[in-house]
Amino acid sequence: MLLSPRRQPRAVSKVPYKVLDAPELADDFYLNLVDWGSANVLGVGLGSSVYMWNAQTSKVSKLCTLEDDTVTSVSWIQKGTHLAIGTGKGLVQIWDAEKTRRLRTMTGHTARVGSLAWNTHILTSGSRDRLIYHRDVRAPDQWLRKLVGHKQEVCGLKWNCEDGQLASGGNDNKLMVWDKLSESPLWKFSDHTAAVKAISWSPHQRGLLASGGGTADRRIIFHDTVKGSVINEIDTGSQVCNLAWSKNSNEIVSTHGYSQNQIVVWKYPSMTQVASLTGHTYRVLYLAMSPDGRVVVTGAGDETLRFWSIFGRRSGSREEGEGARGTLANWGIIR
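All letters in the sequence shown, in the order written, are residues 0 to 334 by numbering that gives the first Met the number 0.
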């Protein structure tokens, strides 16, 4: 044993392999303006418009511009080309991105819709009006269920589609877990001492839910939603803006605000740091993962989207585009 070489943590490139200009990308903690869909297209809300960036072709196209309204959230359906858009006036629109056609507009909320989450044909929306609505996009009704639980703005929503559990985070510092379409929470966690925007379900372990707290909290807390207990927590030293589990390894990535605006890759469950990536000059409010789980894109109020090769393929295959650098002109600018 003494002679065996010590395992080095794997190398993660410290520089993004691509940077896109994203004018008007809002520096607002409560919005969710970036999502990467299964068709390998990135949807981005900029002001009152939604743009799409095709990761295969690097082509940028505009999906829509809202009249007298702003985009406050975007979310792709799990499989397919439908994009849900939440707006500042409380509407939820569903667009067919392939045909650039609006399919429907759904009402119910009385304030901005900052969070959206899909579970097959169920679209769930969370708002500053403190309500969560489940909507069946196949049915003519505006909504199917109304969940009253949070006392302040709902800023995080994530479905665990395997187990049919929804996690919601609020500006009231609460994390709630709802079973299927139930109108009362299965669990209510009050461990955080700041807003809970960052939420992510482990794809590797049943009922393992990670959540991150805002500036006054700074912790990532791991919950067991089968037992309703807290497993572990770690103080990250700065506002936690987003969390995403790797699909390919038992690792989790977090993005942060004040003071370092860093992106951290952690090994689970030891929570040793695999890498810390810096470059954004504003807090890293937006995070999305490529469909193959190899790349993450981050966005910030510095009006840039940065693409990082973090998780890579399983060992033995060469990374595409590694070392690809260039000016924004080479990549196209989201305008």
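Built from N, CA and C at the ideal position, the CB exists for glycine as well.
Nearest candidate by alpha-carbon position, reference residue i, set the options
i, options, result
"residue 35", "200, 132, 72 and 66", "72"
"residue 20", "39, 233, 163 and 299", "299"
"residue 230", "190, 264 and 254", "190"
"residue 51", "66, 67 and 80", "80"
"residue 192", "209, 185, 216 and 88", "216"
"residue 208", "182, 157, 234 and 238", "157"
"residue 137", "131, 105, 114 and 125", "105"
"residue 171", "305, 89, 154 and 28", "154"
"residue 305", "285, 100, 175 and 218", "285"
"residue 184", "144, 214 and 102", "144"
"residue 233", "78, 253 and 218", "218"
"residue 46", "110, 53, 40 and 61", "61"
Residue i (DSSP reduced to helix, strand or coil)
i, result
"residue 162", "coil"
"residue 90", "coil"
"residue 16", "coil"
"residue 274", "strand"
"residue 64", "strand"
"residue 104", "strand"
"residue 48", "strand"
"residue 36", "coil"
"residue 218", "strand"
"residue 191", "coil"
Beta bridge counterpart(s) of residue i as assigned by DSSP
i, result
"residue 173", "Residue 173 is not bridged to any residue."
"residue 114", "125"
"residue 306", "17 and 296"
"residue 286", "297"
"residue 132", "124 and 145"
"residue 42", "34 and 51"
"residue 155", "168"
Residue i classed as buried or exposed, judged by whether at least 16 other C-beta atoms fall within 10 angstroms
i, result
"residue 384", "Any question about residue 384 goes unanswered here, given that the chain covers just 0 to 334."
"residue 97", "exposed"
"residue 327", "Unreliable positioning characterises residue 327 in this predicted model, as indicated by a pLDDT of 30, which lies under 50. The coordinate reading is nonetheless provided below. The residue in question, residue 327, is exposed, as its Cβ has fewer than 16 Cβ neighbours within 10 Å."
"residue 132", "buried"
"residue 82", "buried"
"residue 17", "buried"
"residue 44", "buried"
"residue 225", "exposed"
"residue 99", "exposed"
Distance, residue j Cα to residue i Cα
i, j, result
"residue 56", "residue 38", "12 Å"
"residue 246", "residue 205", "14 Å"
"residue 332", "residue 227", "Its pLDDT being 42, under 50, residue 332 is placed unreliably by the model, and nothing is read from it."
"residue 25", "residue 68", "14 Å"
"residue 168", "residue 198", "7 Å"
"residue 178", "residue 118", "12 Å"
"residue 141", "residue 241", "29 Å"
"residue 315", "residue 274", "The predicted position of residue 315 is uncertain, since its pLDDT is 43 and thus under 50; a value taken from the coordinates is nonetheless stated next. Between residue 315 and residue 274, the C-alpha separation is close to 20 Å."
"residue 259", "residue 222", "26 Å"
"residue 202", "residue 244", "7 Å"
"residue 85", "residue 92", "7 Å"
"residue 122", "residue 116", "6 Å"
"residue 66", "residue 279", "31 Å"
"residue 272", "residue 159", "26 Å"
Any non-hydrogen atom of the ligand GDP within 7 Å of residue i CB
i, result
"residue 185", "The model on display carries no ligand, and the ligand GDP is accordingly not part of it."
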